[in-house]
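In our numbering, the protein residues as written are 2 to 504.
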């Protein structure tokens, strides 16, 4: 008995000890705080830098390609550069063989912050950078950049002293219409940049300021295009109405019309006819690039950027030869969000094109002519079609630079007389006896020679006293010689004596 009680008491002591240890685990005693020490420099987490607005030149293709390092942009506290583009967006209208280009105008501002600064050279250039992102090979680089200078302005060619002020240099350049638009795809990227360089006396590296230029290509007249396909030996013909050009990140409406669905319209009931069951579409984007110094065969990459299936929405009419129509407001869905505008540049070997593939499944049925219920025969046909899609950027106002060119100075007409030249001075000069039909300084242009009669009329004709009498005399001079009769002609002041009239 005593052994049993001792065993129970020992168990209770063990349980109490366990409960006390559990309480200590749930609510541990607070530990004394150690004084805070500064962490070593290697363990300090630095804040992430702010996102930069400068253009990035890293390869957007794949992780295998090597990144192309951009040129460094250096700044100086003594000089600050700013590029202001005042021209409209650089939009090339039409194909590369027909486009007149885009006009680039702006001002380069150079702000000097020190009292005296000597600048040795300053220039402004427009550069085109083409980055080739070809697949990596064992013998060469996977990515390299080709830089070409399109325009250059030598702002300062010899050393000159500048004071604290903001100095501006205007520039203007016509971008050729054959340039490819700005784009970035899997195999290449094209970019345009406006770059200003200023070399300060005593420094080896110039101060650089760079701004990206976005070049676009578009068309002005966008109309619907109808494409018709026939499928012999049947009477089926399919027409697809699409816009002649579409825009990235947009949608468009497609109208599909299938005719000749009844095999023999003159056959008695029941008749055999075709009925659409399913329509499948795919939107392809093909990128081709010919690497300089590589193989003659270009590298191409075809991607499916959108696909979908349509099974409903058909409007069917089985009268006469039969007709099926389908109108889709947003035909390709969100595929245009991944599309870039077309590129055709044989100079650098760059090409981007798009095509739309449509497949329609038709099932053969047997039914009455005016009945919608029919039985399936088991035979079917698949109609396959492909259409090229022209993807361009939005045209904006749709006005090219040559349609709104301002007049040059030679075409501007002469200005009106200034306030220093009054009307009385012009009258006195016209009716003076020493008037010459040559260049007139009062009028600023050559004037016609006045008639001999009005040339000798005195300027007093325009006085308030003789205005009425002179009006009558001047009107009589304009009448024919057979009907006019001027008696007091000698009374006109300033009229020479030889004037006589017989009538």
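Every residue gets a Cβ at the ideal spot worked out from N, C-alpha and C, and that includes glycine.
Spatial neighbours of residue 403 within its chain, please: CB distance less than 7 Å, with the 5 preceding and 5 following residues excluded, ordered by chain position.
101
Let me confirm a value: residue 180 is counted as buried when at least 16 other C-beta atoms fall within 10 Å, else exposed. Which label applies?
buried
CA-CA distance, residue 189 and residue 341?
12 Å
Cβ-Cβ separation, residue 230 to residue 386 (assumed contact under 8 Å), whole Å
5 Å
Does the Cβ-Cβ distance between residue 183 and residue 216 come in under 8 Å?
yes
C-alpha distance - residue 356 paired with residue 83, whole-angstrom precision
43 Å
Give the list of continuous beta strand (DSSP E) stretches no shorter than 3 residues that lie fully inside the segment 325-407.
344-346, 351-368, 375-390
Contact defined as beta carbons within less than 8 Å: I believe residue 207 pairs with residue 199. What is the distance between those atoms, to the nearest angstrom?
6 Å
Residue 228 lies in the beta strand (DSSP E); which residues open and close that run?
225-232
Have a look at 244, 278, 88 and flag the residue whose alpha-carbon is nearest the alpha-carbon of residue 330.
244
Helix, strand or coil: how does DSSP classify residue 114 here?
coil
Express the C-alpha separation of residue 369 and residue 276 in angstroms, rounding to a whole number.
14 Å
Which residues in the same chain as residue 336 place their Cβ atom closer than 6 Å to its Cβ, once the five residues preceding and following it in sequence are excluded?
284, 306, 307
Would you check if the distance between the CB atom of residue 282 and the CB atom of residue 309 is smaller than 8 Å?
yes
Whether residue 324 touches residue 365 by CB criterion (8 Å)
no
Identify the continuous beta strand (DSSP E) that holds residue 307 and give its terminal residues.
300-311
Beta-carbon separation of residue 240 and residue 228 under 8 Å?
yes
Assuming residue 322 and residue 263 form a contact by the criterion Cβ under 8 Å, report the distance between their Cβ atoms to the nearest whole angstrom.
5 Å
Hey, could you find the ends of the beta strand (DSSP E) residue 263 is sitting in?
Taken as a continuous stretch (DSSP letters only), residue 263 belongs to no beta strand (DSSP E), as it is neither H nor E.
Looking only at its chain, what residues have a beta carbon closer than 6 Å to the beta carbon of residue 150, apart from the 5 residues adjacent to it on each side?
126, 128
Once DSSP output is grouped into helix, strand and coil, what is the label at residue 252?
coil
Could you check the C-alpha separation between residue 210 and residue 169 for me, to the nearest Å?
14 Å
Let me make sure I understand the geometry here. Which of 348, 359, 105 has the alpha-carbon closest to that of residue 505?
This structure gives no information on residue 505, because the portion of the chain shown stretches from 2 to 504.
Every unbroken beta strand (DSSP E) within the segment 168-203, with a cutoff of 3 residues, ordered by chain:
189-201
Going by DSSP, which residues form a beta bridge with residue 126?
153, 196
Going by DSSP, what residues sit across from residue 267 in a beta bridge?
DSSP, once it has assigned bridges, lists no residue as partnering residue 267.
What are the start and end residues of the beta strand (DSSP E) that includes residue 164?
Where residue 164 is concerned, there is no enclosing beta strand (DSSP E), given that its DSSP letter is neither H nor E.
Apart from the five residues just before and just after residue 389, which ones in its own chain have a Cβ nearer than 6 Å to its Cβ?
356
Taking 8 Å as the cut-off, decide whether the C-beta atoms of residue 121 and residue 160 are in contact.
yes
Residue 85 bridges to which residues according to DSSP?
108
Anticipated Cβ contact below 8 Å, residue 119 with residue 79, distance rounded
No, residue 119 and residue 79 are not in contact; Cβ-Cβ is about 11 Å, not under 8 Å.
Starting from the C-beta of residue 28, find all residues in its chain whose C-beta is less than 8 Å away, skip the five residues before and the five after it, and write them out in chain order.
In this predicted model, residue 28 has a pLDDT of only 41, less than 50, meaning its place in the structure is not dependable; the value taken from the coordinates is given anyway. Around residue 28: no qualifying Cβ.
Roughly how many whole angstroms lie between the Cα atoms of residue 375 and residue 303?
42 Å
Might you give, ordered along the chain, the residues of its own chain that have their beta carbon closer than 6 Å to the beta carbon of residue 380, omitting 5 neighbours on each side?
365
Given this structure, state the Cα-to-Cα distance separating residue 378 from residue 97, to the nearest angstrom.
53 Å
Which residues in the same chain as residue 152 place their Cβ atom closer than 6 Å to its Cβ, once the five residues preceding and following it in sequence are excluded?
127, 174
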